[in-house]
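117 is the number of the first residue of the sequence shown in this note's numbering; add one for each residue after it.
Built from N, CA and C at the ideal position, the CB exists for glycine as well.
Since the model is a prediction, treat every value here as computed from it, not as a measurement.
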Amino acid sequence: MWQEAWRRFKKNRMAMAGLYFILFLVLTSVATTAVDVATNGDFYNRNVIKQSLRLRLQKPSLRHPFGLDEFGRDMLLRMLWGTRYSLFMGTLAILFSSVVGGALGRSPDIMARRWTTR
C-alpha cells in the first residue's frame, strides 16, 4: 500500500517540489541550529540581531542578497533564522491540536460507556 502511494506521489511534480521545499526548510533549520551551537550564539548576535543604522535600507547586493532592513540587519540571515522558529511553532501547533482533537474525539466514547454501565 505504501509503495503504491509513494509511486503515485513521485509522479506528481508539484508534490515532489513541495517535498523538496520542505526538506530545504528542515535542512536550513538544522544548519542554523548547528551554526548557533558552534559559535555559541555569537554569529546570531553579530549578524542577525545587531543593528547598524549607518548601513540601513541597502538594496540587495552580493554581500546581502535580500538587502538590509531599516535597522541595518541582513534580511537573508533573518529569514533563515526565522525558518527554525516557524517550523518549531508549526510542529508545536500540530502536536497540540492532535492531543486536543484526540481527547475531544475520544470523550463521547468514554462518556457513553459511563452512562450505559450505570
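For residue i, the first and last residue of its enclosing alpha helix (DSSP H)
{"i": "E120", "result": "W118 to K127"}
Nearest-angstrom Cβ-Cβ length linking residue i and residue j, presumed shorter than 8 Å
{"i": "V164", "j": "R189", "result": "7 Å"}
{"i": "S145", "j": "T199", "result": "5 Å"}
Cβ pair residue i, residue j closer than 8 Å
{"i": "P181", "j": "L192", "result": "yes"}
{"i": "K126", "j": "M117", "result": "no"}
{"i": "L73", "j": "L141", "result": "Given a span of 117 to 234 for the chain in the structure shown, any question on residue 73 remains unanswerable."}
{"i": "L171", "j": "E186", "result": "no"}
{"i": "F159", "j": "V151", "result": "yes"}
Next on the checklist: In chain order, what are the residue ranges of uninterrupted beta strand (DSSP E) at least 3 long that sit wholly in the region 169-197?
Outcome noted: none
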